[in-house]
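Residue numbers (our numbering), protein chains in the order written: chain H, 127 to 767; chain G, 1465 to 1713. Ideal placement from N, C-alpha and C gives every residue a C-beta, glycine not left out.
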């Protein structure tokens, strides 16, 4: 049985919805807030910002991260920038234009009301960050400067050299640290959430494992916020941090939270290519490089391994400029990635593995000088050289697409509430704002929007119903039951007497996912992948080897639990991709494409959010649909030509 | 290539540790140092031995989670490079490599190469912020900041909080870390109101955590993977002097 989901979008004209909502939702009085406890899982942009802001408001907050410090969450690695509709460049930007670009960039698969709210609060984010001391790039006049990003024709991206995520996260971390210092937030470093505790159908707490001692802990909260990031590591190789995982979101899913559009994965076009089997992760080269770098491959297959410096302009195919003259090298990520795949599939890749194209700064250096390029991208060029031992000032970079971000995530309504009352999801962990493809510099925007300006309001609507709810003792049988289940599973992993390492299973899962549910997908491959993953799940539980015990510092045990969850998620992603008989954004089904090879949407049948419901072990998940209604934007074929 | 590793093994915070010898074969020069340790750990797991615990996360040199001292140097032989960005082409076939944890009283060893750096968090909690609640901010361009000041503040703000400065210092001083944050915030107009209080409180917390004093040897700057300058320490000393002499706390 599928059900229609209530997205709780407020009535009224698009541009008034958020303002009216904020002015009319019920509030929690200041004297009640200190009695209300909120658990925030994850301390990246969304989590740290939400924890700090809710503590400032007076709630009692506990925050959790698996890293050794909240400052290390993977938001820190975002390079290029953060979008905001400030129109400081006077180039025609506006809230509506940012809204429109985001809807179009997402290939018309996101909610108008959410995206408009995101565009509205974007300007406050920049103000807030500057007030915190975030050192954004400035002009000589002392004012903020901007750069362009893909899929957009205005300059609205604020940046801090090539390490914008670091500076924004350190801003949120400082706000969080201030509240920890005051005692308003209790911080739990090196803790991993291993289950949600539900009482009478409502989220009331979590089971967390202290990663140093291995002890399980019970924590009560009137509400639980998951800000636990994306699940790109299901592919084994991705630009995510090694610890990035789906476990918290997946446990929530198994406790009743629907999973929205799991197949929407962003494959980022400019990453350093794989060098060998030992590879543990892939490194991104910021999209901002496409402002000055030109992407090309040789025209002739036989030239592909020749020294690029010997190839004349006539022998090069600047394929993005040729195929998409209006946007050129700044087409959105999904388009750029697919074009790179096409060039490589044609046999024109520029390295031995057959998986690389050039990103060339020769013309930019000739035009602006080496110093100017170094000022813009110095740290990225350094990183490239360290990894590849090649000098990008002298030779074109070699790049290839890699898994980078997941637009899918826990289904949430306008309040950022999941389908479990009291359980919220913010940032990359939710599915909400990017549709089928995220535009560059929009992840930082969404993480901070959710954390600073959306969730602290929307959760108040729920918490206002909780003021008479006393804290529930963690001796409650629901906590004991959840803890027992977690413990049993940990014991099962630790006592497994198999022969294969966790990494071996993870790599095999990653290969299945990349080959069948990666840059292009088809029904046959997806069907086979589902069967292969099911086999791999069985083999994992029968034959994995996890050294050490559960009551100790045991990184292999942590990994094993996460890979077990990735194995289940991977299957759901393939099911979702198989269900969606269209191509949209990052989801490219080979059966559905235009004669020119571009993505072919099917608006009639698939203008909906696929919200998957867990139905129990070895049961097929249930598909619920949230129809997407476009009242302000006309659905068009996305064109960057 | 093949490497002989001498790795510090320590079961827990209270256990005694020792150097244990390992060899790894099939090391590719394109591997990162941590990928070389991955290879070692996979072998150990298959052999039924306890893998080497080490901290790491982003593996692109920005999260600051990886640590370890390689051949006596925090983050190993390459300048301005974290362990995760160090590649094996830095080593020769047959070389012996010593791998130890960051050592400081304020960074107790948790297991093997992983240490507890929560003392850094507490230094930030003592004052490494600007007190501005969400929603209180004025328009971003109403605070012009000259480019040179903004760029200098940025240079200080790029600290990744890894702790290499402490590990490099013979006194295990945290002055470079603390001063980078003090300099970043005190230089900006937004940080001005809390300037004195911030400096005094962060220094007090640093002392309380058991970090040593600074004797200006400059080892911290030499080993810092982000090239944070010791001029920040000089700046913090001036700030501290001014704050204490004027009696502001």
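Going along the stretch 305 to 337 of chain H in order, which residues come within less than 8 Å of chain G, judged by CB to CB distance?
Cβ proximity to chain G below 8 Å picks out 306, 307, 313, 315 from the stretch 305 to 337 of chain H.
If we count the other Cβ atoms within 10 Å of its Cβ and call it buried at 16 or more, is residue 762 of chain H buried or exposed?
Position 636 of the first chain, counting from 1, holds the residue named residue 762 of chain H. Counting the other Cβ atoms within 10 Å of the Cβ of residue 762 of chain H gives fewer than 16, which makes it exposed.
From the DSSP secondary-structure annotation, give me the bridge partner or partners of residue 737 of chain H.
Your numbering for residue 737 of chain H matches position 611 in the first chain. Residue 737 of chain H pairs with H:386, H:750.
Taking the straight line between their C-alpha atoms, what separation do you get for residue 1483 of chain G and residue 1470 of chain G?
As a first step, residue 1483 of chain G must be located in the second chain, where it is residue number 19. As a first step, residue 1470 of chain G must be located in the second chain, where it is residue number 6. If you draw a straight line from the Cα of residue 1483 of chain G to the Cα of residue 1470 of chain G, it comes to about 6 Å.
By the three-class DSSP mapping on this structure, what secondary structure does residue 1613 of chain G have?
Within the second chain, the letter at position 149 stands for residue 1613 of chain G. Under the three-state reduction of DSSP, residue 1613 of chain G is assigned to helix.
What does a CB cutoff of less than 6 Å around residue 462 of chain H pick up in its chain, not counting 5 residues either side in sequence?
Position 336 of the first chain, counting from 1, holds the residue named residue 462 of chain H. Hits under 6 Å: 395.
Rounded straight-line distance, which links the Cα of residue 387 of chain H to that of residue 378 of chain H
Locating residue 378 of chain H in the first chain gives position 252, where the first residue counts as 1. Locating residue 387 of chain H in the first chain gives position 261, where the first residue counts as 1. C-alpha separation (whole angstroms): 16 Å.
Give a yes or no on whether the minimum CB-CB distance between residue 404 of chain H and chain G is below 9 Å.
The residue you call residue 404 of chain H lines up with position 278 of the first chain. Output row for residue 404 of chain H: interface = yes.
Ignore the nearest five residues each way along the sequence and tell me which others in residue 582 of chain H's own chain have a CB closer than 8 Å to its CB.
Residue numbering aside, residue 582 of chain H sits at position 456 when the first chain is read from its first letter. Within the same chain, Cβ atoms closer than 8 Å to the Cβ of residue 582 of chain H are found at 176, 179, 180, 183, the five residues on either side in sequence being excluded.
Cβ of residue 1496 of chain G within 9 Å of any chain H Cβ
Within the second chain, residue 1496 of chain G is the residue found at index 32, counting from 1. Interface residue, yes.
Closest Cβ-Cβ distance between residue 1529 of chain G and chain H: below 9 Å?
On the second chain, position 65 is the one that residue 1529 of chain G refers to. Chain H, which has a Cβ nearer than 9 Å to the Cβ of residue 1529 of chain G, makes this yes.
Does residue 125 of chain H come out as helix, strand or coil in the three-state DSSP assignment?
Residue 125 of chain H lies beyond the stretch modelled for chain H, which goes from 127 to 767, so this question has no answer here.
For residue 1676 of chain G, which residues does DSSP report across the bridge?
Within the second chain, residue 1676 of chain G is the residue found at index 212, counting from 1. According to DSSP, residue 1676 of chain G bridges with G:1637.
Give me the Cα-Cα distance between residue 1547 of chain G and residue 364 of chain H, rounded to the nearest whole angstrom.
Taking the first residue of the second chain as position 1, residue 1547 of chain G is located at position 83. Taking the first residue of the first chain as position 1, residue 364 of chain H is located at position 238. Spanning the two alpha carbons is a distance of roughly 19 Å.
Collapsed DSSP secondary structure at residue 678 of chain H in the structure displayed
Sequence index remark: in the first chain, residue 678 of chain H carries index 552 (1-based). Note: residue 678 of chain H maps to coil in three-state DSSP.
Can you pull the chain H residues whose beta carbon is under 7 Å from the beta carbon of residue 1593 of chain G, in chain order?
Numbered from 1 along the second chain, position 129 holds the residue referred to as residue 1593 of chain G. 300, 301, 303, 304, listed in chain order.
Spatially closest choice to residue 477 of chain H from H:692, H:546, H:332, H:399, by CA coordinates
By 1-based counting over the first chain, the position of residue 477 of chain H is 351. Comparing alpha-carbon positions, the option among H:692, H:546, H:332, H:399 lying closest to residue 477 of chain H turns out to be H:399.
I'd like to know if the stretch 265 to 279 of chain H and the stretch 402 to 419 of chain H are in contact, where contact means that at least 3 CB-CB pairs between them fall below 8 Å.
Segments in contact, yes.
I need the straight-line Cα distance from residue 728 of chain H to residue 1498 of chain G, nearest angstrom please.
The residue labelled residue 728 of chain H in the question sits at position 602 within the first chain. The residue labelled residue 1498 of chain G in the question sits at position 34 within the second chain. Taking the CA atoms as reference points, residue 728 of chain H sits about 45 Å from residue 1498 of chain G.
Residue 627 of chain H touches chain G at which residues, Cβ-Cβ below 7 Å?
Mapped onto the first chain, residue 627 of chain H falls at position 501. Within chain G, the residues near residue 627 of chain H are 1506, 1509, 1510.
State the beta-bridge partners of residue 397 of chain H as determined by DSSP.
Against the first chain, residue 397 of chain H aligns to sequence position 271. Partner(s): H:410, H:526.
CA-CA distance, residue 649 of chain H and residue 313 of chain H?
The count along the first chain starts at 1 and reaches residue 649 of chain H at position 523. The count along the first chain starts at 1 and reaches residue 313 of chain H at position 187. Rounded to the nearest angstrom, the two C-alpha atoms are 46 Å apart.
Does the beta carbon of residue 364 of chain H sit closer than 9 Å to a beta carbon anywhere in chain G?
Stepping through the first chain from its first residue, residue 364 of chain H is reached at position 238. Nearest CB-CB separation between residue 364 of chain H and chain G: not below the 9 Å threshold.
Is residue 1611 of chain G close to chain H, meaning its C-beta is less than 9 Å from at least one C-beta of that chain?
On the second chain, residue 1611 of chain G is found 147 positions in, with the first residue counted as 1. True, the Cβ-Cβ gap to chain H drops below 9 Å.
Can you round the beta-carbon distance between residue 426 of chain H and residue 441 of chain H to whole angstroms, since I take them to be within the 8 Å contact cut?
Within the first chain, residue 426 of chain H is the residue found at index 300, counting from 1. Within the first chain, residue 441 of chain H is the residue found at index 315, counting from 1. That belief holds up - the Cβ atoms of residue 426 of chain H and residue 441 of chain H are roughly 7 Å apart, short of 8 Å.
In chain order, what residues of the same chain have a beta carbon less than 7 Å from the beta carbon of residue 678 of chain H, not counting five sequence neighbours either side?
Here residue 678 of chain H refers to the residue found at position 552 of the first chain. Within its own chain, the residues whose Cβ lies closer than 7 Å to the Cβ of residue 678 of chain H, once the five positions on either side in sequence are excluded, are 340, listed in chain order.
Best match in G:1582, G:1558, G:1575, G:1644 for proximity to residue 1477 of chain G [C-alpha to C-alpha]:
Numbered from 1 along the second chain, position 13 holds the residue referred to as residue 1477 of chain G. Residue G:1575 is the option with its Cα nearest to residue 1477 of chain G.
Residue 228 of chain H versus residue 238 of chain H: straight-line alpha-carbon distance, rounded:
On the first chain, position 102 is the one that residue 228 of chain H refers to. On the first chain, position 112 is the one that residue 238 of chain H refers to. Taking the straight line joining both Cα atoms gives about 10 Å.
DSSP-derived helix/strand/coil call for residue 1574 of chain G:
Here residue 1574 of chain G corresponds to residue number 110 of the second chain, with the count starting at 1. Judged by DSSP in its simplified three-state form, residue 1574 of chain G adopts strand.
Could you tell me the alpha carbon to alpha carbon distance between residue 768 of chain H and residue 315 of chain H, rounded to whole angstroms?
The shown model of chain H, from 127 to 767, leaves out residue 768 of chain H, and the question about it has no answer.
How many Å lie between residue 262 of chain H and residue 253 of chain H at the Cα?
Numbered from its first residue, the first chain carries residue 262 of chain H at position 136. Numbered from its first residue, the first chain carries residue 253 of chain H at position 127. Taking the straight line from one Cα to the other gives about 11 Å.
Could you tell me which chain G residues have their CB closer than 8 Å to the CB of residue 368 of chain H, listed as they occur along the chain?
Position 242 of the first chain, counted from the start, is the residue given in the question as residue 368 of chain H. Here the neighbours are 1520, 1521, 1522, 1523.
Cross-chain neighbours of residue 1655 of chain G in chain H, by beta carbon under 9 Å:
Your numbering for residue 1655 of chain G matches position 191 in the second chain. Within chain H, the residues near residue 1655 of chain G are 259.
Output, in chain order, the set of chain G residues within a Cβ distance shorter than 9 Å of residue 351 of chain H.
For the purposes of this step, residue 351 of chain H is identified with residue 225 of the first chain, where counting begins at 1. The contact set of residue 351 of chain H on chain G, defined by CB atoms closer than 9 Å, is empty, because the minimum CB distance reaches about 15 Å.
Taking the alpha helix (DSSP H) that residue 182 of chain H falls in, what are its first and last residues?
Numbered from its first residue, the first chain carries residue 182 of chain H at position 56. 171 to 183 is the extent of the alpha helix (DSSP H) around residue 182 of chain H.
Give a yes or no on whether 9 Å exceeds the smallest Cβ distance from residue 674 of chain H to chain G.
Against the first chain, residue 674 of chain H aligns to sequence position 548. At least one CB of chain G lies nearer than 9 Å to the CB of residue 674 of chain H.
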